[in-house]
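Participant: Below you will find the structure I want to go over with you.
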Amino acid sequence: MIRVASIGNANVDVLLYLDELPPRGGQVEARGAERRAGGAAANFAVAAAKLGLKASFIGCVGLDGDGDWLLSELASQGVDTSLVKRVGERTGFVVVLVEAGGERTMVAYRGANAALYEAGLEDLDYSEFDWVHASSLRPDAAAGAFKAAKRAGATTSYDPGGAVAMMGFGRLLQALEHTDILFLNEREAQLLESSGGGPELEAVRKLVPTVVVK
């Protein structure tokens, strides 16, 4: 069985279903509400477990009820949480306002997730994993984790998320040097293939063996 570790955020997602967004300073009544386990890396671990892989999540949650609930939810989906750190910050959460047409407006609170950058990812023992994935992780942190993972013989994959559009590919190169598979959404892929094909974009093409557009 393939053993995969997913590094990154775990959140409590609170979804509120609305007919329309309230005006600024106004109020509307939600026609439905839902709480889910979320965060790109946590979701990746759950998806891997559902595909029959031995999945572990590496991240940080708070010493609070939301942290307890989140770990319980992940465990119920078959995800190992033994490498999750409990920290003295509130567990991260995202409020998602879902309009009738499906448009989503989100407000995120990082909370305990921010502690992941002090968690010593580069010092973890990755020898028990065949595949190490990082989602929405700062490039320097991903690079540290991937260097250690590759020394242990693991395949690495990186889903930088919105960081690509915000930071540019140049900032990502330190992580991509140690990345085997790069996941991009359509917008990020368009940046990679944009006209001009500057030296940074060409470097990405040479560095990463496989690019997947999701």
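Taking our numbering, the leading residue of the sequence shown gets 74, the next gets one more, and so forth.
Just so you know, even glycine gets a beta-carbon here, dropped at the ideal spot from N, CA and C.
1. Use the C-beta contact count for Pro95: other C-beta atoms within 10 angstroms, 16 or more gives buried, fewer gives exposed.
2. Name the two residues that bound the continuous alpha helix (DSSP H) containing Arg244.
3. Should Asp203 and Thr228 be called a contact, given that it needs their Cβ atoms to be closer than 8 Å?
4. Any idea what DSSP makes of Ser230, helix, strand or coil?
5. Roughly how many whole angstroms lie between the Cα atoms of Val87 and Val205?
6. Answer yes if the stretch 159-173 comes into contact with the stretch 129-145, meaning at least three C-beta pairs across the two stretches below 8 Å, and no otherwise.
7. Between the alpha carbons of Thr154 and Val180, how many angstroms are there, rounded?
8. Report the CB separation of Gly132 from Gly81 in whole angstroms; it is logged as a contact under 8 Å.
9. Note down, in chain order, each residue of its chain lying with its Cβ closer than 6 Å to the Cβ of Ala106, except the 5 sequence neighbours on either side.
10. When you compare only the Cα positions, how much space is there between Ala308 and Gly98?
11. Per DSSP, what kind of secondary structure is Leu257 in: helix, strand or coil?
12. Would a C-beta distance cut-off of 8 Å place Leu257 and Val284 closer than the cut-off?
13. Here's a check: name, in chain order, each residue in its chain whose Cβ is nearer than 8 Å to the Cβ of Lys123, leaving out the five neighbours to either side.
14. Leu210 lies in the beta strand (DSSP E); which residues open and close that run?
15. Consult DSSP for Arg108 and reduce its assignment to one of helix, strand or coil.
16. In terms of alpha-carbon separation, which member of Gly243, Gly184, Lys223, Leu170 lies closest to Val101?
17. Give me, in chain order, the residues of the same chain whose beta-carbon lies closer than 8 Å to that of Gly217; leave out the 5 immediate sequence neighbours on both sides.
Facilitator: Taking the definition as stated:
1. The sequence position of residue 95 within the sequence shown is 22, counting from 1. Exposed, because fewer than 16 other Cβ atoms sit within 10 Å of the Cβ of Pro95.
2. By 1-based counting over the sequence shown, the position of residue 244 is 171. Per DSSP, Arg244 belongs to the alpha helix (DSSP H) from 242-249.
3. As a position in the sequence shown, residue 203 is number 130, starting the count at 1. As a position in the sequence shown, residue 228 is number 155, starting the count at 1. Their beta carbons are under 8 Å apart, which means Asp203 touches Thr228 by this criterion.
4. Here the question's residue 230 lines up with position 157 in the sequence shown. Looking at Ser230 - three-state DSSP - the assignment turns out to be strand.
5. On the sequence shown, residue 87 is found 14 positions in, with the first residue counted as 1. On the sequence shown, residue 205 is found 132 positions in, with the first residue counted as 1. So the alpha carbons of these two residues sit roughly 28 Å apart.
6. yes
7. Translated into positions along the sequence shown, residue 154 becomes position 81. Translated into positions along the sequence shown, residue 180 becomes position 107. Looking at the two C-alpha atoms, the distance is approximately 26 Å.
8. Position 59 of the sequence shown, counted from the first residue, corresponds to residue 132. Position 8 of the sequence shown, counted from the first residue, corresponds to residue 81. Yes, Gly132 and Gly81 are in contact; Cβ-Cβ is about 6 Å, under 8 Å.
9. As a position in the sequence shown, residue 106 is number 33, starting the count at 1. Hits under 6 Å: Leu89.
10. This structure leaves residue 308 out entirely; the chain is present only between 74 and 287.
11. Indexing the sequence shown from 1 puts residue 257 at position 184. Residue state, collapsed to three classes: strand.
12. Within the sequence shown, the letter at position 184 stands for residue 257. Within the sequence shown, the letter at position 211 stands for residue 284. Cβ distance < 8 Å, so Leu257 and Val284 count as in contact.
13. The residue labelled residue 123 in the question sits at position 50 within the sequence shown. Cβ within range, chain order: Gln150, Gly151.
14. In the sequence shown, counting from the first residue as 1, residue 210 sits at position 137. Segment: none, Leu210 is in no beta strand (DSSP E) and carries neither H nor E.
15. Numbered from its first residue, the sequence shown carries residue 108 at position 35. In this structure, Arg108 counts as strand in the three-state DSSP scheme.
16. Numbered from 1 along the sequence shown, position 28 holds the residue referred to as residue 101. That would be Leu170, whose Cα lies nearest to the Cα of Val101.
17. As a working note, residue 217 is residue 144 in the sequence shown. So the qualifying residues of the chain are Leu194, Glu195.
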